[in-house]
Amino acid sequence: MEVINAIGRRKSAVARVYLSEGTGKITINKRDLKEFFPSAILQYVVKQPLELLEVAEKYDIKANLDGGGYTGQSQALRLAIARALVKVNAEDKKNLKDHGFLTRDSRAVERKKPGQPKARRRFQFSKR
Numbered sequence: 001m002e003v004i005n006a007i008g009r010r011k012s013a014v015a016r017v018y019l020s021e022g023t024g025k026i027t028i029n030k031r032d033l034k035e036f037f038p039s040a041i042l043q044y045v046v047k048q049p050l051e052l053l054e055v056a057e058k059y060d061i062k063a064n065l066d067g068g069g070y071t072g073q074s075q076a077l078r079l080a081i082a083r084a085l086v087k088v089n090a091e092d093k094k095n096l097k098d099h100g101f102l103t104r105d106s107r108a109v110e111r112k113k114p115g116q117p118k119a120r121r122r123f124q125f126s127k128r
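See below:
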């Protein structure tokens with residue numbers, strides 16, 4: 001099997017994933033998963049698509065992460081891994097889609113508007 005690549009995004013985070021056959025090693029920006037994401041919850045989020053399809057020990061994953069915070073990066077990585085797994089085996093698409101791993105979460109920060117202190121907040125109104 002050759003190297004499969006996929007991209008996942010969330011807020012301002014971008015994850016580029018390179019999936020190859022291996023022993024289940026996940027490397028992010030040349031660091032181990034546990035080193036990059038110390039939180040067990042974020043590690044769980046990243047591994048969700050692999051655990052669902054029971055292929056966690058079958059593939060090695062190398063990823064480049066840019067932008068965003070830890071949560072956005074972990075969710076971008078989850079999307080990229082799910083997309084790569086679909087490229088490997090198209091039959092897994094329905095299962096991943098049913099669990100929401102192939103859906104790009106399009107929510108992002110709303111821009112600040114002129115004449116207001118924030119995106120939705122208005123300046124205090126005074127009748128007199």
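Take the sequence shown: its position 88, counting from 1, is numbered 88 in full-length UniProt numbering, and each next residue is one higher.
Just so it is clear, CB atoms sit at the ideal spot from N, CA and C, and this is done for glycine as well.
- Distance between R78 and L65, taken at the CA atoms: about 12 Å.
- For the pair V109 and S20, the Cα-to-Cα distance works out to about 34 Å.
- For R104, the closest alpha carbon among the candidates I7, M1 and E2 is that of I7.
- Comparing alpha-carbon positions, the option among P38, V14 and V55 lying closest to K25 turns out to be V55.
- Under the DSSP definition of a beta bridge, Y70 lacks any partner.
- Out of K94, N89 and Q73, the CA that lies nearest to the CA of V14 is found in Q73.
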